[in-house]
Amino acid sequence: DVKVTQSSRYLVKRTGEKVFLECVQDMDHENMFWYRQDPGLGLRLIYFSYDVKMKEKGDIPEGYSVSREKKERFSLILESASTNQTSMYLCASSPRTSDGTGELFFGEGSRLTVL
Amino acid sequence: AQKVTQAQTEISVVEKEDVTLDCVYETRDTTYYLFWYKQPPSGELVFLIRRNSFDEQNEISGRYSWNFQKSTSSFNFTITASQVVDSAVYFCALTGFQKLVFGTGTRLLVSP
């Protein structure tokens, strides 16, 4: 059963803490993505990666960074968490395709609360 | 810039009713893909369909059907004879190269 696994379903952190959200996929996909989901705003792309050690900014990268040291793992980092980063974070992966897009496979999400 | 609009925030129906979820998109690309995803209460988004911009044929899969109209930039999703298990948030998405732009989602509540 192919999967995208996010390390934590629920996290509670304090303002100013450094937060790591881990995502692992077992499908050998080249592309990986981090989205955040907020009510009324849908899913917004934070960062994505087309390959190991590569990263691209999405629509809302401010306050976040990412790391992709291995093909199967894509980490989202909040250097200094703030209350406006309280959200549901969704990781996804997809295969690289010749036509430029493929189906995204999502993890179950990590709900982060910053106090 | 690409944009997806799902104007219906929430829809409530009674079981066995038919329901249509609207999706309107904007893009300057001539080649693009449209998607629908379902997000049940468990949280994980589930892929439902991908449609190429050159293929305007409607598609039916069981109780689900999709109507793609390039002339109106719409890709609407109809559930026939809805069931309680259809209760979820449904997202329409449009692709740019190698990534997806999502709409804000439509929450569907199907009551018994």
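So the sequence lines, in the order shown, correspond to chains D and Z.
Numbering-wise, my numbering puts 47 at position 47 of the first sequence, and it's gapless, one number per residue.
If you want my numbering, it's the 1-based position in the second sequence plus 1000.
Don't be surprised by glycine CBs; every beta carbon is placed ideally from N, CA and C.
Since we're looking at a predicted model, the values are computed, not measured.
Spell out the partners DSSP gives residue i in its beta bridges.
{"i": "Tyr47 of chain D", "result": "D:Trp34, D:Lys57"}
{"i": "Lys13 of chain D", "result": "D:Val114"}
{"i": "Leu104 of chain D", "result": "In DSSP, Leu104 of chain D forms no bridge with anything."}
{"i": "Ser94 of chain D", "result": "D:Asn31"}
{"i": "Lys18 of chain D", "result": "BP columns for Lys18 of chain D are empty, so no partner."}
Could you tell me which chain D residues have their CB closer than 8 Å to the CB of residue i, listed as they occur along the chain?
{"i": "Thr1117 of chain Z", "result": "Lying before the first or after the last residue shown, residue 1117 of chain Z is absent from chain Z, which here runs from 1001 to 1112."}
{"i": "Phe1047 of chain Z", "result": "Glu103, Leu104, Phe105"}
{"i": "Phe1077 of chain Z", "result": "Here the premise fails: no neighbours, minimum Cβ distance about 15 Å."}
Residue i to residue j, Cα distance in whole Å?
{"i": "Ala1007 of chain Z", "j": "Cys1092 of chain Z", "result": "11 Å"}
{"i": "Val52 of chain D", "j": "Asn1058 of chain Z", "result": "38 Å"}
{"i": "Gln1002 of chain Z", "j": "Gln25 of chain D", "result": "28 Å"}
{"i": "Gly1062 of chain Z", "j": "Leu112 of chain D", "result": "37 Å"}
{"i": "Leu1100 of chain Z", "j": "Val19 of chain D", "result": "25 Å"}
{"i": "Asp1029 of chain Z", "j": "Thr1095 of chain Z", "result": "10 Å"}
Note down, in chain order, every chain D residue with its Cβ under 7 Å from the Cβ of residue i.
{"i": "Lys1003 of chain Z", "result": "Those do not exist, as Lys1003 of chain Z stays about 11 Å from chain D at its closest Cβ, beyond 7 Å."}
{"i": "Lys1070 of chain Z", "result": "Correct list: empty, because the minimum Cβ distance to chain D is about 18 Å."}
Listing by chain order, which chain Z residues have their CB less than 8 Å from the CB of residue i?
{"i": "Gly109 of chain D", "result": "Gly1043, Glu1044"}
At a CB-CB cut-off below 7 Å, which residues of chain Z make contact with residue i?
{"i": "Phe33 of chain D", "result": "Lys1099"}
{"i": "Phe48 of chain D", "result": "Lys1099"}
Report the neighbours of residue i on chain D: residues whose CB is nearer than 9 Å to its CB, in chain order.
{"i": "Phe1091 of chain Z", "result": "Gly42, Leu43"}
Below 8 Å, can you find three or more Cβ-Cβ pairs linking the stretch 1062–1076 of chain Z to the stretch 1021–1032 of chain Z?
yes
Completely contained alpha helix (DSSP H) runs for the stretch 1014–1058 of chain Z, where each covers 4 or more residues:
Annotation note: the stretch 1014–1058 of chain Z contains no uninterrupted alpha helix (DSSP H) run of length 4 or greater.
For the structure I just gave you, are there three or more beta carbon pairs, one from the stretch 1005–1019 of chain Z and one from the stretch 1036–1050 of chain Z, closer than 8 Å?
no
Please determine if the stretch 5–14 of chain D and the stretch 61–71 of chain D are in contact, where contact requires at least 3 C-beta pairs separated by less than 8 Å.
No, they do not touch.
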